Every structure is written in structure tokens, then in C-alpha cells.
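Taking it in order: structure first as C-alpha cells, then the write-up.
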DNA sequence: GCGAGCAGCGTACCT
DNA sequence: ACAGGTACGCTGCTCGCG
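In the working numbering, the protein residues as written are 12 to 806.
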């Protein structure tokens with residue numbers, strides 16, 4: 012038998028003649044399916060004497076009676092201890108949880124694991140790994156080995172434009188007017204005659220949809236990228252296709268797509284292709300802090316991630332551009348084309364990461380693209396747990412999760428800074444603090460308070476003991492991740508930065524980093540399978556211990572410590588040299604256990620720390636600005652990094668900080684503020700620069716209090732502009748009204764602005780705290796002016 | 001009746 | 001729906017003052 016090779020994409024199953032038929036979606040030259048037989052099972056914690064009782068259990072499934080086909084005694088590790096359990100096998104995956112429910116008086120495990128995942132775990136295979144196998148017809152006969160070989164996927168991106176005379180398009184009334192498509196070749200399918208090379212003419216909307224579907228099958232597209240396509244484009248197309256009575260044949264089998272709810276977001280799955288909604292991925296990367304995107308629109312994500320500009324049209328004017336024709340229509344076509352191209356380009360940035368993450372945690376790409384951090388961590392732990400001979404713990408019930416949530420664990424230490432302007436700082440931080448604490452102290456739910464090393468174990472500052480003899484699952488997985496990443500970083504140095512190998516390995520180290528940083532969170536996550544309050548609180552307790560010890564040692568060595576947050580310490584060099592600081596770092600490192608390491612983040616010639624608002628001049632935590640030796644300014648926490656402050660306040664604050672950090676000129680700083688106040692008074696500032704953006708995290712009806720953003724949203728709703736839960740609302744404080752909420756109006760409807768509000772509540776508060784550090788006293792700033800408010804001081 | 005002071009809600013940020 | 005720690009604006013209340 013000749014050996015074949017192909018890349019595994021995904022696994023699911025179907026039922027054939029009452030038996031489970033596993034379907035492996037594979038990619039050779041193109042996608043194809045392989046079949047295999049495998050029986051589902053779960054575990055019951057009961058003595059073998061209960062075998063007959065268990066064998067008799069039966070459930071109705073797919074119109075047939077399903078009972079266990081075998082019950083056998085096996086030995087596994089359960090909660091860290093060897094135990095005899097009963098492995099109960101049956102024929103139909105969906106019968107497994109039902110059979111378990113028939114036997115509620117026994118503890119049971121692994122009865123709610125999706126069967127495709129079960130198969131991949133048990134066979135030890137990963138998405139995107141190359142299987143080297145034997146086949147017999149359509150059936151997989153034997154996997155000889157797996158390999159990690161390069162491959163590529165035929166990828167296209169699409170986007171639709173819709174007619175929208177009433178603001179938001181209404182799928183029942185408003186047609187799709189353009190479908191753009193990009194995969195190296197680019198086209199816009201539309202019903203109007205437009206003289207552009209990429210235009211593909213269709214005689215009506217019906218034909219437009221058909222042509223789009225035909226493209227996918229003719230070009231044999233394997234990955235279809237969209238932006239918010241699971242929530243907007245695909246459902247919209249489906250609604251139009253339904254009305255027009257034309258099939259929306261997106262899948263390889265002619266089907267359209269299936270909506271699946273994963274977490275809080277809806278996903279759309281296309282049979283035989285990977286439909287990836289980049290919006291979910293960008294949101295995820297933004298949420299965990301791997302990416303900084305201020306606003307999750309395609310335009311914004313594209314320009315902030317690629318650094319390129321994407322021109323925009325006024326969304327509300329799309330129907331006018333369509334109706335007017337001529338140049339406007341040409342512009343609309345260009346815009347539509349650019350949407351698909353931008354989506355494709357965004358895909359080229361994030362897909363390598365998603366593919367590596369999928370391989371690493373062994374979760375199919377579609378699931379990885381829609382997964383939360385918890386699901387990624389859990390997926391890998393489930394695989395590793397199985398291969399360590401351990402039972403996968405169940406998820407907690409909702410009551411237990413609620414109980415855990417009610418009882419949060421203590422977190423990190425943050426040192427109170429003394430406000431001021433400082434010269435010559437050194438910033439150190441612990442490299443991967445929490446991961447390295449976990450591996451270096453073997454912190455795991457099942458190494459906790461072991462019996463085997465009572466005399467010699469790792470004892471946390473809270474008194475919890477962790478085994479020194481047997482490595483825990485989480486420390487083992489983390490140590491593996493950390494060493495893989497270290498190795499990759501070495502390999503990357505030898506590669507050309509624009510090679511495909513570099514892109515792949517860089518994405519791999521990125522995914523390892525994201526994952527490593529998620530384990531502590533998972534340990535303390537209320538819905539975690541491997542939750543342990545003791546383990547979680549030991550991680551943070553050791554974290555507080557090490558940073559506080561390091562601060563003490565630095566002080567003993569004669570340094571002044573300005574600030575520190577979780578894993579960082581800010582040292583004032585004073586009379587010490589840089590070398591003094593580095594030898595201090597070395598001394599610290601000599602005393603640190605295991606994988607733990609203190610690193611130099613950078614030296615900074617100058618930095619600003621400000622006072623907290625209110626209460627007696629104490630320093631503000633999590634707010635500072637530093638200038639590096641390269642002249643680059645690093646800013647944390649200030650209004651200027653927050654999206655819920657107006658651009659005028661943020662720009663002014665930035666310019667003031669630059670004047671101080673770069674030039675040390677308070678005269679210049681004051682002049683900047685004075686000029687901006689003057690511009691505001693004269694009414695010269697455009698409303699865009701005065702807009703405050705805030706997210707509405709609840710549906711507008713469910714707020715307990717009235718806030719400016721809510722009030723603006725309510726006024727907008729009356730004018731026909733809807734803001735749902737989760738939308739970002741931009742509003743301006745106008746002249747009319749008494750309270751600030753009364754004055755708040757969405758940008759689209761705002762006609763004027765209240766200069767006093769922007770002077771007293773935006774520009775001045777953002778710069779006063781900084782100017783105070785230049786020697787202006789609180790009284791100087793508050794009382795030397797006129798009655799008009801603080802602005803008077805600057806006249 | 002009015003302003004100061006405060007608690008609570010809500011958002012966005014830091015590590 | 002991975003964790004906790006923190007700043008701060010706004011609203012709406014209480015309280016003391018006149």
C-alpha cells in the first residue's frame with residue numbers, strides 16, 4: 012500500500028447504519044474527505060459490580076434504542092490520584108450525555124466532549140498537521156506519522172454594499188448593490204454599468220448572488236474571509252436570496268451556511284470551506300491586549316494594523332452615490348473594491364497567527380477564530396491531560412461558578428508613586444512573571460498539599476504547599492510552551508524577515524506568548540475545568556512577594572524606587588550609573604528560582620508622574636509618561652490614551668507632554684494651552700475634534716442611571732439613528748441644555764459646541780495635573796484667574 | 001433654595 | 001465568559017447653611 016499525505020483541516024461525524032462514521036476534512040491538492048470508524052465513550056466512577064446496571068441503561072436516539080456496548084474497568088488519574096473507573100462505550104455520540112443522565116447517582120466524566128475533538132485527542136492529531144497515512148478506498152486505514160509541513164490555502168475575501176435610503180439597510184426592502192471579492196484577482200459584481208477594470212456586470216441582484224457563489228466554487232475557495240460577515244454580510248445575502256428565490260450556494264454541497272452561537276457571538280459556518288470572520292479575531296486580539304485598535308470598524312482596524320490609509324465614504328450616503336451615478340458611483344465602486352482588498356490584507360496579517368494557534372492548541376481553525384482565551388487554554392490542557400493518562404475534569408455547574416465568582420482572589424501589588432518630573436530612570440520587569448512563577452513552583456490544582464513531600468515542598472506566602480516530586484499538568488504544559496518559544500526566538504534571528512518561514516515562526520512564537528499569558532487567568536477563572544483558588548492565589552501572592560522583595564533589595568542597594576506595577580519596578584538612577592543598575596539586576600537574578608528572570612526594559616532620560624485627582628496630592632497609579640533614549644515617548648493611563656476623551660484634550664495633553672519631556676519648556680507648555688483655549692472660545696474647533704467616544708455595554712433600555720452617552724443615544728434614536736448594545740457612540744457637548752447629559756448630542760446631529768465645557772472639563776483637567784509638576788501650585792492654577800473658570804489663569 | 005461632599009454606576013485603562 | 005487593580009466623570013442624593 013502506498014503512503015499518502017494530506018493536511019488535516021477538521022473532524023466531524025455522521026451516523027451510518029447506526030454506527031458512528033468519523034469524517035476527516037483533509038487538504039491535498041484540494042479539500043477532500045476521509046472516513047474512519049470510532050466509538051464514543053465516557054467514564055463512570057463506580058465499582059465493576061455495577062456493570063450490569065450500567066449495561067441496562069438505554070436512551071432513545073435518532074429513533075433507535077441506544078445502550079452501552081461495553082463497560083470495562085480502567086485505571087486513570089482522577090484529581091491527581093490513581094483510580095479505577097468504568098469506561099462506558101456506546102455507538103452514537105449524541106447518546107453519551109443522555110446515557111450519563113440516566114445514571115445520575117454516579118459521578119461521571121468526559122461525557123460532554125464534542126466528538127470531533129474526542130477523536131483528535133485520542134488519535135493525537137492536530138489541525139494543519141500533515142498526516143502520512145494509508146487508505147482503503149475512502150477509509151483511513153492507518154496513520155503512520157504526522158509532520159509539520161508548509162501548506163497554503165486558497166483564500167478570498169468579500170464584502171457587500173447595500174442600498175440604504177433609511178440609514179440602516181432593511182434586508183426585506185433594500186437590495187444588495189455590490190459584492191466585492193478579492194483573492195489576488197479582484198472584482199466588484201454589480202448591476203450598474205461602471206467603467207472600471209474590476210467591474211463584473213450582472214443583469215440583476217439575483218444574478219449577482221449567483222455569480223458570487225459561482226466564483227467560490229470555480230476558484231475552489233478554501234478560506235473565505237469577511238469582516239463582520241457572520242453578523243451582517245452573510246445573513247443579509249441569505250435574506251435577499253430568500254426574497255429573490257435564488258439559492259445561496261456557498262458550500263461545497265450547495266448549502267448556504269449555518270449560524271452557530273459560540274459564547275455571546277454568532278458565527279456562520281459554510282460546509283466544506285472555512286468561513287473566517289476577521290472581526291471576531293480582531294476583537295479577541297484587542298481584548299487580550301495583543302493588538303491595540305481604538306475602534307473595531309474595518310477602516311480603523313485596517314489603518315491601525317497595517318499603517319496604511321483606507322479611504323472611506325459616508326456610510327449614510329451610499330444610496331445617494333448609487334442613485335446619482337457618474338463620479339459618485341465610481342467612487343462607491345472603488346470603495347467597495349477596497350473593502351474586500353483591505354479584508355484580504357487584514358487576513359494576511361492575522362491568519363498566520365490563527366493557523367499557528369489552531370495547530371498549537373489543537374482546535375480547528377473555525378473554532379480557534381471564534382474562541383475565547385479560556386477555550387484555547389482548555390483545549391490544549393484537555394489533549395495533554397488525556398495523554399498523561401488523566402481524566403479531564405468536568406466544567407463547574409452554574410452555582411459553583413457563581414460561588415467562585417463571588418469570592419475573588421487578591422491580585423497584584425502596585426506601588427504608590429511620588430508625583431513629579433524625574434531624570435534618569437531604569438525600568439526593570441520580570442519576564443513572563445506569572446507563567447514563570449507557575450513553572451518554578453510547580454503550581455497546579457493537583458500538586459497542592461500533596462502527601463509525598465510534606466517536609467520539602469514549595470510553600471507559597473499564603474502557606475499553600477506544592478509538590479516538588481511530581482510535575483503538575485499546568486506547569487508541564489507551560490514549561491513546554493516557554494521552552495518552545497525560547498527555541499523559536501533563536502531560530503528567528505537566523506531568518507530573513509520577509510521570508511514565509513519567518514512569518515510562520517513569528518506567528519508561532521506570538522501564539523505561544525498569548526497562550527502562556529493566559530494560564531494564570533484560566534486557573535482563577537470561575538468556569539475553568541482546572542480552577543483552583545489555592546493555586547491561583549498562590550501565583551499572585553508569590554508575584555507580590557517577588558516584586559516587593561526586589562524593591563526592598565534595591566532600596567538596600569541605595570536606589571530610590573519610584574514606582575512598580577505587578578511585575579515592573581521603576582528605579583531612579585540618581586548618582587548611580589547604568590552599570591550599577593545592571594549589576595543590581597544580576598544580583599537579583601542569581602537569587603531567583605527556576606525560570607524566573609528580571610529583565611531591563613529600558614533606560615529613560617526623563618519621566619512624569621502626576622497626582623491623583625482629589626485627595627491631598629497623592630500620586631496616581633497606572634498613569635505616567637516616559638521619554639526613551641531614542642526620543643520616543645511612552646505613555647500609560649493618561650487621558651490621551653483613552654478613547655473617551657475628546658481629540659482636542661488628548662492632542663493638547665500630548666503637546667504639553669512633548670514640550671516638557673523633549674524640551675523641558677514650561678513656557679511652551681503654557682502657550683500651547685492658552686492657544687487651544689483661545690481657539691475653543693472663538694468657536695473655531697471642528698466638531699470631530701470635540702467628539703467623545705464611549706461604548707454602550709448594555710442595551711440602552713437597561714441602564715440604571717442617565718449618562719451623557721445614553722442621553723445622546725436616546726436623542727439619536729428619535730432621529731432614526733440606532734445604537735444597540737456594544738456600539739460605540741460619539742457625542743458632542745452642545746450649548747443647549749442644563750446638565751451635561753442634556754447637552755450631549757451625537758456627532759451626526761450636533762450643530763454647535765459649548766466652549767466652556769471643553770475648556771473646564773476636557774482641556775484643562777488633562778493638562779493641569781502635568782503643569783502642576785512644573786511648579787505651578789494648586790492655588791496658582793485655581794484662583795489667579797477670573798470667575799469664568801480655570802481658563803482665566805491662562806489669559 | 002443652594003452648593004459641597006459623597007456614593008454608586010459606568011467606562012476604559014494597566015499589568 | 002482568562003485575572004485583579006486603578007482612575008475618574010457624571011448623576012443624584014444628603015446635609016448644613018442661610
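Built from N, CA and C at the ideal position, the CB exists for glycine as well.
Computed from a predicted model, the values in this text were never measured in an experiment.
C-alpha gap between residue 559 and residue 630, whole angstroms
Counting only the Cα atoms, residue 630 lies some 19 Å from residue 559.
Would you grab the beta carbon distance between residue 547 and residue 526 for me? Rounded to a whole angstrom, and I think it's under 8 Å.
Incorrect: roughly 17 Å between the Cβ atoms, too far for contact.
Measure the C-alpha to C-alpha separation of residue 322 and residue 157 and round it to an integer number of angstroms.
45 Å
Just the Cα atoms here: how many angstroms apart are residue 307 and residue 706?
11 Å
Neighbourhood of residue 393 by C-beta, 7 Å cutoff - its chain only, sequence neighbours within 5 removed
Result list for residue 393: 132, 403, in chain order.
Within the region 552-593, ranges of the alpha helix (DSSP H) (whole runs, at least 4 residues):
Qualifying alpha helix (DSSP H) stretches: none in this window.
Spell out a yes or no on whether the region 422-433 and the region 115-128 are touching, meaning 3 or more CB-CB pairs, one atom from each, closer than 8 Å.
no
Please name the residue in 414, 742, 82, 511 whose C-alpha comes closest to that of residue 722.
742
Where does residue 637 sit, in a helix, a strand or coil, going by DSSP?
strand
Residue 13 to residue 147 span [Cα, whole Å]:
10 Å
Run through DSSP, which three-state label would residue 288 get?
strand
What's the C-alpha gap between residue 784 and residue 622?
9 Å
Which full runs of the alpha helix (DSSP H) of 4+ residues lie inside the region 172-221, going along the chain?
none
For residue 314, the first and last residue of its enclosing alpha helix (DSSP H)
309-317
Output needed for residue 798: all residues of its chain with C-beta closer than 7 Å, excluding positions within five of it in sequence on either side, in chain order.
With a pLDDT of 34 at residue 798, under the threshold of 50, the predicted position of this residue should be treated as unreliable, and no value is reported.
Hey, quick one: how far does the alpha helix (DSSP H) through residue 491 stretch, first residue to last?
484-504
Can you tell me whether residue 611 is buried or exposed? The criterion is at least 16 other CB atoms within 10 Å of its CB, across all chains shown.
exposed
Report, in whole angstroms, the separation of the C-beta atoms of residue 538 and residue 407, which I expect to be a contact under 8 Å.
6 Å
Can you check DSSP and say which residues form a bridge with residue 17?
Its beta-bridge partners are 142.
In whole angstroms, what is the alpha-carbon distance linking residue 91 and residue 123?
Those two C-alpha atoms are separated by around 21 Å.
Out of curiosity, what's the CA-to-CA distance linking residue 381 and residue 266?
22 Å
Return yes when the Cβ of residue 209 is within less than 8 Å of the Cβ of residue 198, no when it is not.
yes
Assign residue 802 to buried or exposed, taking buried as 16 or more other Cβ atoms, counted over all protein chains shown, within 10 Å of its Cβ.
Below a pLDDT of 50, predicted positions are generally treated as unreliable, and residue 802, at 42, falls in that range; no measurement from the model is reported.
Whose C-alpha, out of 493, 561, 246, is nearest the C-alpha of residue 823?
Nothing in the structure corresponds to residue 823, since the chain is present only between 12 and 806.
May I ask which residues mark the beginning and end of the beta strand (DSSP E) holding residue 155?
150-158
Which class does residue 80 belong to by DSSP, given the choice of helix, strand or coil?
coil
Under DSSP, the beta strand (DSSP E) around residue 126 begins and ends at which residues?
Not the beta strand (DSSP E): residue 126 falls in the alpha helix (DSSP H), residues 126-134.
Within its chain, find whatever has a CB closer than 6 Å to the CB of residue 374; leave out the 5 residues flanking it on each side and keep chain order.
390
Pairwise C-alpha distance: residue 576 and residue 662
Spanning the two alpha carbons is a distance of roughly 27 Å.
Short check: CB of residue 770 to CB of residue 688, under 8 Å?
For residue 770 and residue 688, yes; Cβs fall inside 8 Å.
What number of angstroms, rounded off, separates the C-alpha of residue 327 from the C-alpha of residue 730?
Approximately 14 Å, taken between the alpha carbons.
Backbone CA spacing between residue 274 and residue 781 [nearest angstrom]
43 Å
How about the region 250-260 and the region 280-289: do they share at least three Cβ pairs that are nearer than 8 Å?
no
If the criterion is Cβ atoms closer than 8 Å, does the pair residue 150 and residue 21 meet it?
no
Quick check on this structure: which residue in 648, 332, 105 has the alpha carbon closest to the alpha carbon of residue 73?
105
Inspect the CB distances between the region 78-85 and the region 55-66 and report whether three or more fall short of 8 Å.
yes
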